[in-house]
Amino acid sequence: MAISLTEKAAEHVLNFIEKRGGAAGLRLAVKTSGCSGLAYVLEFVDEIEDTDEVFESSGVKVIVDKKSLIYLDGTELDYKREGLNEGFEFNNPNVKDACGCGESFTV
Amino acid sequence: MALLQISEPGKSTNPHERRLAVGIDLGTTNSLIATVRSGEAIVLPDEEGRYLLPSVVRFRAEGSPQIGYPALDASINDPMNTIASSKRMIGRKTADIKSLRDQLPYNFDDESANVPRIITADGPRSAIEVSAEILTALKKRAETSLRGNLGGVVITVPAYFDDAQRQATKDAAKLAGLNVMRLLNEPTAAAVAYGLDQGSEGIYAIYDLGGGTFDVSILHLNKGVFEVLATAGDSALGGDDMDRLIAEWLLDDVDDEELSSNSQFLRQAMVSARTAKEALTENTSTIVSLKLPDGSSREIVLDRTTMDEIIAPVIDKTLIPCRRSLRDAGLDKDDIDGIVMVGGSTRVLSVKEKVERFFEKKLYTDVDPDQVVAVGAAIQADILIGNRSADEMLLLDVIPLSLGIEIMGSMVEKIIPRNATIPVTRAQEFTTYKDGQTAMSIHVVQGERELVSDCRSLARFELRGIPPMAAGSARITVSFKVDADGLLSVSAREATTGIETQVDVKPSYGLTDEEVEQMLRDSITFANDDIKARLLAEQRVEAERVILAIQSALDVDGDKFLNDDERSELVKGINKLKELTDSDNAESIKQAANDLNQLSEVFASRRMDASIRSVMAGHNINEFSE
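Protein sequences, first through last, are from chains A and Y. Residue numbers for the first sequence follow the numbering used here, so the first one is 1 and each next one is one higher. Residue numbers for the second sequence follow the numbering used here, so the first one is 108 and each next one is one higher.
Now the structure itself:
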């Protein structure tokens with residue numbers, strides 16, 4: 001079981017954490033949304049919980065709770081720029097179907 | 108693929124949801140609107156870069172009302188239809204504002220009316236309607252610059268506003284189509300803008316000197332809660348009085364009689380006086396140019412020391428309410444930890460000096476005194492809508508366990524997540540499961556688990572009178588609302604008919620801390636089981652939906668479109684799926700449901716063709732393509 005970051009994503013995460021004044025790591029998670037859809041969660045972490053798994057990728061501590069890991073195993077987090085917009089993208093091999101904008105998906 | 112941003116812990120938004128929140132300073136003379144963008148509170152300007160919106164509305168016989176600067180410009184020529192100071196009238200009864208009415212130029216309608224209305228060219232208008240126009244203009248400004256709908260607003264009101272005045276302010280916001288998350292006392296908003304609520308404890312004086320009003324409040328901060336200990340003020344004292352005194356000094360040698368006969372001239376002199384007053388916050392002396400009634404012009408040098416002497420009576424008058432508020436609060440000057448300066452008139456240097464000398468304490472002056480109240484309201488709005496972490500919470504509480512409803516398959520759909528700050532309102536849309544379904548049972552539950560049996564049941568009620576429709580086409584909005592006192596009300600509303608039903612619950616009632624903790628621990632211990640159970644339940648619901656849809660189609664016109672072989676194949680498929688739904692294997696249920704779906708495709712396409720033929724019967728194809 002593993003989660004990884006691209007070099008570019010890691011660079012941005014470390015930068016954001018520094019600007020924020022520190023964080024224990026970056027949380028990747030999924031939550032149920034709608035009847036059968038799932039949505040991604042991307043958050044700073046202040047405290048690592050007992051139920052979390054911790055991965056290290058390109059110098060970033062990636063924190064995933066066990067429940068979410070079922071859906072996220074093998075995911076690579078990338079950072080992209082599209083026109084004026086920029087942000088993170090989940091490359092998740094578990095996804096079978098995603099909504100048009102990619103904010104929610106099914107497995 | 109949408110690009111995501113990193114949120115604060117626990118503050119991620121759902122897909123397609125942005126939480127836009129604004130703070131509004133609805134002032135007597137001017138109003139402002141502010142928001143928090145990328146962690147920073149900013150006041151939103153209009154298209155011309157102006158931050159203030161004059162709180163003036165002009166009603167016209169034709170066309171929509173004018174709001175702000177155009178109305179202010181028209182007030183000299185059209186005073187009867189141009190309404191200012193609606194804040195002084197809002198929430199007051201006709202009898203309450205008798206003395207006020209004598210000062211105002213407006214025509215009031217029927218004296219006995221409970222809510223006083225001003226007769227305008229566009230019909231009688233109450234103060235609530237006037238304030239609603241101002242709020243609408245601010246709302247438009249925010250929605251244009253933030254590019255989205257406002258999720259919620261915080262509006263500030265004077266600390267001395269009573270329930271009726273507060274309710275009327277809320278009514279005005281409702282008329283403007285705004286969702287008021289909270290009314291915030293103006294002095295509290297100013298304290299929040301300086302982050303004083305982040306401190307542990309303290310007593311602060313808020314000195315608010317505007318153009319026409321003066322208020323002073325003593326606030327006591329204890330564990331994140333601000334308590335108003337005392338308020339005092341003078342509703343007819345402000346920067347305008349300073350301008351008048353300076354203008355009189357400038358026109359010292361002009362004949363009084365001539366002045367009173369030429370009000371236009373005095374007004375011009377006051378504008379010059381104001382400009383001079385503002386210049387003297389930067390410079391030690393300034394030159395004032397004045398046009399005299401006889402047509403000649405003159406230039407007068409005014410230095411800061413002279414101005415300070417001229418306006419001293421106004422400033423000294425503000426110290427009387429300061430002394431009174433201290434006495435009412437039972438405090439000494441020594442008990443005050445700091446003074447927050449609010450209102451444009453506090454830019455005058457001698458105001459700062461005298462206030463500092465009076466309290467002998469530190470002044471807070473870094474935030475723009477015109478904007479400080481709106482900025483505090485915006486910060487509070489950002490917290491209330493859920494964009495900040497829980498430890499920045501002011502006067503707030505959180506929901507200990509998630510609240511949701513039961514959906515098909517005995518699953519729980521969480522509507523308000525655990526740790527959401529109250530007050531909170533969340534809504535979600537649901538639909539019917541069967542063709543012609545006319546009622547829906549709403550089962551409100553509390554807990555973190557995925558299945559209803561593992562959560563706590565809070566209430567059940569039914570929404571009846573849903574018009575018969577095909578399964579999945581009804582739209583029922585279920586709203587959860589938890590007020591500041593922790594009272595939950597759940598309502599369900601059907602979109603086409605507007606029928607609605609609701610129930611009130613007290614969610615935390617009867618749960619101890621240990622029980623809450625146990626429920627949380629279970630949700631983690633059983634995480635894997637829960638997810639499996641949910642996936643299985645989802646597949647079962649889907650399988651049952653497929654069976655139901657095919658079965659009802661078979662009943663209607665199975666004979667028409669299928670031969671015996673085809674029909675028995677389908678029935679076989681249905682029976683196989685029915686059998687499998689009782690098993691615990693989600694994957695095989697899914698497979699069987701897919702198989703059945705494929706099997707029924709021929710049947711479905713024949714039905715579709717037939718219904719298209721019947722629609723087109725007697726028509727020409729060209730009628731449809733136009």
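In this text, a Cβ means the ideal position worked out from N, Cα and C, and glycines have one as well. Source: prediction; values computed, not measured.
Closer than 9 Å, CB to CB, is T75(A) near chain Y or not? Put simply, the CB of T75(A) is far from chain Y, with every gap to its CB atoms at 9 Å or more.
In terms of residue numbering, what span does the beta strand (DSSP E) encompassing F166(Y) cover? No beta strand (DSSP E) holds F166(Y); DSSP gives it neither H nor E.
Separation of G451(Y) from D315(Y), as counted between CA atoms: 9 Å
Helix, strand or coil at V421(Y) according to DSSP, with G and I counted as helix: helix
Proximal residues of chain Y, C-beta to C-beta of K8(A) below 7 Å: The premise fails here: K8(A) is roughly 13 Å from chain Y at the closest Cβ pair, so nothing lies under 7 Å.
Taking a contact to mean a Cβ-Cβ separation below 9 Å, would you say A383(Y) touches L358(Y) in this structure? no
Among F90(A), E47(A), E18(A), R20(A), nearest to D73(A) - alpha-carbon criterion: F90(A)
Segment limits, alpha helix (DSSP H) that includes A228(Y): Run containing A228(Y): none; DSSP gives neither H nor E here.
Within chain Y, the residues that G22(A) reaches when beta carbons sit closer than 8 Å: Near G22(A) there are no residues of chain Y at all, since even the closest Cβ is about 13 Å away, more than 8 Å.
Name the chain A residues that come within less than 9 Å of I654(Y), Cβ to Cβ? Within chain A, no residue comes near I654(Y); the closest Cβ sits about 18 Å away, beyond 9 Å.
Counting only the same chain and skipping the five closest in sequence on each side, list residues whose C-beta sits under 6 Å from that of V610(Y). Cβ neighbours of V610(Y) beyond the five flanking positions: A566, F568, V597.
Along chain Y, which residues have their Cβ under 8 Å away from the Cβ of I70(A)? Chain Y residues near I70(A): N635, I638.
What do you get for I657(Y), buried or exposed, if any count of 16 or more other CB atoms within 10 angstroms of its CB means buried? That one is buried.
Exposed or buried, E645(Y), counting other C-beta atoms within 10 Å across all chains shown (16 or more means buried)? buried
Taking contact to mean at least 3 C-beta pairs separated by less than 8 Å, is the region 171-189 of chain Y in contact with the region 225-232 of chain Y? yes
Contact the region 473-480 of chain Y vs the region 341-350 of chain Y: 3+ CB pairs below 8 Å: no
Are three or more beta carbon pairs between the region 237-253 of chain Y and the region 274-284 of chain Y nearer than 8 Å? yes
For F166(Y) versus A228(Y), is the C-beta spacing smaller than 9 Å? yes
Does any C-beta atom of chain Y lie closer than 9 Å to the C-beta of L5(A)? no
Buried or exposed for I486(Y), going by 16 or more other Cβ atoms inside 10 Å? buried
Would you say E557(Y) lies against chain A (beta-carbon separation less than 9 Å)? E557(Y) counts as touching chain A.
What does the alpha-carbon distance come out to for the pair D662(Y) and F710(Y)? 13 Å
For my contact list, A29(A) and D78(A) are in at a C-beta cut-off of 8 Å; report their separation, rounded to the angstrom. Their Cβ separation, rounded to whole angstroms, is 17 Å, which puts A29(A) and D78(A) out of contact at 8 Å.
M518(Y) - partner residues in DSSP beta bridges: I514(Y), L558(Y)
Quick check: what's the CA-CA separation for L456(Y) versus A419(Y)? 11 Å
Using CA coordinates, which residue listed in V164(Y), H327(Y), R195(Y), K468(Y) is at the minimum distance from D185(Y)? V164(Y)
Exposed or buried, what is N92(A) when buried is set at 16 or more other beta-carbons lying within 10 Å of its beta-carbon? buried
Which residues does DSSP list as the beta-bridge partners of D315(Y)? D322(Y), V449(Y)
Please state if the CB of S252(Y) and the CB of L151(Y) are separated by a distance shorter than 9 Å. yes
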